[in-house]
Amino acid sequence: MAESNRKIVSQNKKAYFQYEILEKYEAGMSLLGSEVKALREGRANLRDSYARILDGEVYLLNCHISPYSHTGYESHDPLRKRKLLLKRQEINKLIGKVEEKGFSLIPTMIYFKNGIAKVELALAKGKKLHDKRRAIKEKEVRRELDREIKERKGR
11 MAESNRKIVS QNKKAYFQYE ILEKYEAGMS LLGSEVKALR EGRANLRDSY
61 ARILDGEVYL LNCHISPYSH TGYESHDPLR KRKLLLKRQE INKLIGKVEE
111 KGFSLIPTMI YFKNGIAKVE LALAKGKKLH DKRRAIKEKE VRRELDREIK
161 ERKGR
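Per my numbering, the very first residue in the sequence shown carries number 11; after that it's consecutive.
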């Protein structure tokens, strides 16, 4: 999905560690003008954010978009809930999946695609502690192998 017309604003790298990602969806966001300008400045944080289905619509909750730096006296609420724009068919599919035990909707990144703010939503299942430990161990082994290969090439 590495497209030249895509500018990444914010990523939730911790989501890949805490959750097992099953499917990804691209959704538009219903934003205020000052929020779009703040996103263009790169002022977003996805760390503790999540998506919920409320009244048949998908909302992004707890996503922090800081106020725009050059705003006047009026600015937006940084933690307000934002409606995500998905096709009805995708929403119905997500409703069925999220009602299953253990599935969550986690935003993995916010980016601009052809000038329009988008969010990448992941249908995810929480990892257990032993799964996280295994991931850490695999990462360390990969690092060691890379280090060895680099040392051998240097000789």
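Built from N, CA and C at the ideal position, the CB exists for glycine as well.
**Study point:** Per-residue burial, Asn124 [other beta carbons within 10 Å of its own, 16 or more giving buried]
**Key:** Position 114 of the sequence shown, counting from 1, holds the residue named residue 124. Flag for Asn124 reads exposed.
Exercise for review: In the DSSP assignment, find the alpha helix (DSSP H) that holds Gly104 and state where it starts and stops.
Suggested key: Residue mapping note: residue 104 aligns to position 94 of the sequence shown, counting from 1. Reading the sequence as shown, one finds Leu at residue 104 and not Gly. Start and end: Arg98 to Val108.
Review point. Where do the ends of the alpha helix (DSSP H) carrying Arg92 lie?
Key: Mapped onto the sequence shown, residue 92 falls at position 82. Looking at the DSSP string, Arg92 is not in any alpha helix (DSSP H); the run it does join, the beta strand (DSSP E), is Arg92 to Leu95.
**Study point:** Status (buried if at least 16 other CB within 10 Å, exposed otherwise) for Ile120
**Key:** Along the sequence shown, read from residue 1 onward, the residue named residue 120 stands at position 110. The residue is buried, with at least 16 neighbouring Cβ atoms inside 10 Å.
Point to revise | Meets three-Cβ-pair contact criterion under 8 Å: the region 43 to 59 and the region 94 to 113 | key: no
Point to revise | Straight-line gap, Leu155 to Leu131 (C-alpha atoms, nearest Å) | key: Here residue 155 is taken as the residue at index 145 of the sequence shown, counted from 1. Here residue 131 is taken as the residue at index 121 of the sequence shown, counted from 1. Approximately 33 Å between the Cα atoms of the pair.
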